Amino acid sequence: MSKLPTASERFIQGILPENPVYRQLLGLCPTLAVTNGLKPALTMAMAVGMVLLCANVIISLIRGLLKPHLRIVAFTLTIATFVTIVDRALSAYMYPMSKTLGPYIPLIIVNCIIICRCEVCASRQGPLAAAGDALGQSLGFGLALASIAMVRELLGTGMLLGIPILPDVWPPWVIMVLPPGAFLTFGLLLAGVNWIRAWRSNQPQRGN
Amino acid sequence: MAYLFDIFLIALGAALINNFVFYYFVGICPFIGVSRQVDMAVGMGSAVTFVMIIAVFISWTITSLVLVQGAPVSSWVAGFFMAKEQAAKIDLTILSYIVYIFSISSSVQFVEMYMRKFYPPLYKSFGVFLPLITTNCAILFACLTVMSKIVGVENPAEAWDLGRALALGIFGGVGFTIAIVIMAGIREELDLCDIPAPFKGAAITLIVGGILSMAFMGFVGVDSGIRTALM
């Protein structure tokens, strides 16, 4: 059996090489839905990170007890418990934001990122590696969400976090904050990431 | 008449105006992953519609009978342990997410086993998609929408009944099928095109999805237009 990555390797991998959104194409539903502004995107990334961290650690602690055919059910029930906690906390302390995010907070339960990380990492490794993996993946998810949200909010309203950035003569591209803008922005950014990867993997060959 | 009209507007809204894929972005994963061939897309769409109807039925029943404040079953059970006035105030909505996801996954598992045993041809046509869609966002989203129409409303008479909930489930699934089949048809053609290398795969699918989403934005306002025209 090959050696599994350690906690710090898991952490580094999650940020760019195995970025959940751009490389694995997981968790696309919140990626497209809440990125019409930077603030909801960051809140969403924080909520997902919280749930991912708790669920990963708990699953890796009970990984010896899980039966193979029941593990997905155990994953979803654990995740659902933490999502309920996060949802209640958000509506207690950040009520307007929880109204904005609406159904997308409970939809974290069926977010593929968390189930995938429980399956790939937490059900095989100890709690430390699972925590490192969760932090790395949620940081990668947050970066991806922030990159999309920044483009959409800047072009769509000329503002970032509600602060005007672009001059008044800038015509706001309303389409960017509407649903089609999400598809277009993410499609173009994904193509850009693919292009950079292809370019970088060609670099060493040219040097030789 | 007003009731039928209401059902019609809910159906139109779920299928076209607020399409699950193009407006709410739920069920994007199969939209990107599975929609490569039209016949596969039809199988996936019908499986999602089928599960969505079951899930909406179960979630409506559980929400209105057990979870919501003053629900008949929970207050009847609580009546054995506490005073009547207290029992009527029992509110179990905090459990809703866990209950929904558990009932969806167990009912999907059950339907899959039943179908494999008794209807092998049907299982062959769309049963293989069933385990995949347990964790499909669209199913849970339909349940949550039904919940928000029962739990959030101030006036109990305005809470959705089973007919409205089922209309949302059926036509939400139909809207999902429409989206995924259109996309599959376009992707079959895209295979023959010369796409720049970085755009191959998911990126071009997303951009085509964006253009389709713009087309579906043309339906915005149709429901209020019909409402003012007929009422």
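As you go down the protein sequences, you meet chains A and B in turn. Here our numbering = 1-based position in the first sequence + 33. With the first letter of the second sequence counted as 1, position 1 gets the number -14 in our numbering; the numbers rise by one all the way through. Backbone N, C-alpha and C define an ideal beta-carbon position, used for all residues, glycine too. Keep in mind that this is a model prediction, so the values were computed, not measured.
Same chain, Cβ closer than 7 angstroms to T111/A, neighbours up to 5 away in sequence not counted: A88, I91, I92
What residues from chain A crowd round S90/B, counting only those whose CB sits closer than 8 angstroms? I105, V106, T109
The segment 178 to 189 of chain B in contact with the segment 212 to 232 of chain A per 3-pair CB rule at 8 angstroms: In short, these stretches touch, since the Cβ pair count reaches three.
Along the chain, where does the alpha helix (DSSP H) that runs through K72/A open and close? 71 to 94
So what's I196/A in DSSP terms, helix, strand or just coil? Note: I196/A maps to strand in three-state DSSP.
Compare the C-beta of P136/A against all C-beta atoms of chain B and say whether one is closer than 8 angstroms. yes
Using the C-alpha atoms, what's the distance from S198/B back to M168/B? 11 angstroms
By DSSP, does P105/B sit in helix, in strand, or in coil? helix
So, helix, strand or coil for S41/A, using DSSP? In the three-state reduction of the DSSP assignment, S41/A falls in the helix class.
Smallest Cα separation from S171/A: which of T218/A, V210/A, G82/A? G82/A
Between which two residues does the alpha helix (DSSP H) holding Q71/B run? Per DSSP, Q71/B belongs to the alpha helix (DSSP H) from 69 to 72.
Spatial neighbours of Q158/A within its chain, please: CB distance less than 7 angstroms, with the 5 preceding and 5 following residues excluded, ordered by chain position. L37, S93
How long is the line joining the alpha carbons of N241/A and R56/A, rounded to whole angstroms? Here N241/A scores only 42 on pLDDT, less than 50, and its place in the model should not be relied on; the value that follows carries that caveat. Whole-angstrom Cα-Cα distance: 27 angstroms.
Could one say the Cβ of C62/A lies closer than 8 angstroms to chain B's Cβ atoms, at least one of them? yes
Which of the three DSSP states is assigned to W61/B in this structure? Reduced to three states, the DSSP call for W61/B is helix.
Can you confirm whether A164/A, when its beta carbon is compared against all beta carbons of chain B, has any partner nearer than 8 angstroms? no
Taking only the alpha-carbon atoms, compute the straight-line gap between T218/A and A68/B and give it to the nearest angstrom. 57 angstroms
CB contact below 8 angstroms: N227/A versus chain B: yes
DSSP on N235/A, reduced to helix/strand/coil? Helix.
Spatial neighbours of S59/B in its chain, beta-carbon cut-off 7 angstroms, leaving aside the 5 residues before and after: V51, I75, L77
What is the C-beta distance between I147/A and L85/A, in whole angstroms, given that I count them as a contact (C-beta under 8 angstroms)? 5 angstroms
If we require 4 or more residues per run, which alpha helix (DSSP H) segments fall completely within the segment 115 to 144 of chain B? Here the runs fully enclosed are 122 to 136.
Under a CB-based cut-off of 8 angstroms, is I95/A close to chain B? no
From A56/B to S49/B, what does the alpha carbon distance come to, in whole angstroms? 6 angstroms
Determine the DSSP secondary structure at N4/B, reduced to helix, strand or coil. coil
Buried or exposed: which applies to E186/A, given that a residue is buried once 16 or more other Cβ atoms fall within 10 Å of its Cβ? When all chains shown are included, E186/A counts as buried.
Start-to-end residues for the alpha helix (DSSP H) that takes in T228/B: Nothing about residue 228/B can be reported from this structure: the residues present for chain B run from -14 to 216 only.
Three Cβ pairs or more, each shorter than 8 angstroms: is that satisfied between the segment 143 to 154 of chain B and the segment 18 to 32 of chain B? no
Local conformation of A56/B per DSSP, three classes: coil
Secondary structure at D179/B, three-state DSSP: helix, strand or coil? Reduced to three states, the DSSP call for D179/B is coil.
Hey, how far is the Cα of A155/A from the Cα of A162/A? 8 angstroms
Quick one: Cα of M34/A to Cα of W145/B, how far? Low confidence applies to M34/A: its pLDDT is 39, below 50, so where it sits in the model is not reliable, and the reading given next is rough at best. Rounded to whole angstroms, M34/A to W145/B spans 55 angstroms at the Cα level.
Output needed in chain order: residues of the segment 66 to 83 of chain A with a Cβ under 7 angstroms from some Cβ in chain B. Here the close residues are A66.
Is it true that the segment 199 to 219 of chain A meets the segment 196 to 210 of chain B, where meeting means three or more beta-carbon pairs spaced less than 8 angstroms apart? yes
What residue does the alpha helix (DSSP H) around S171/A start on, and which one ends it? 160 to 190 is the span of the alpha helix (DSSP H), which, as asked, contains S171/A.
Chain A within 8 angstroms of M37/B, Cβ atoms only: no
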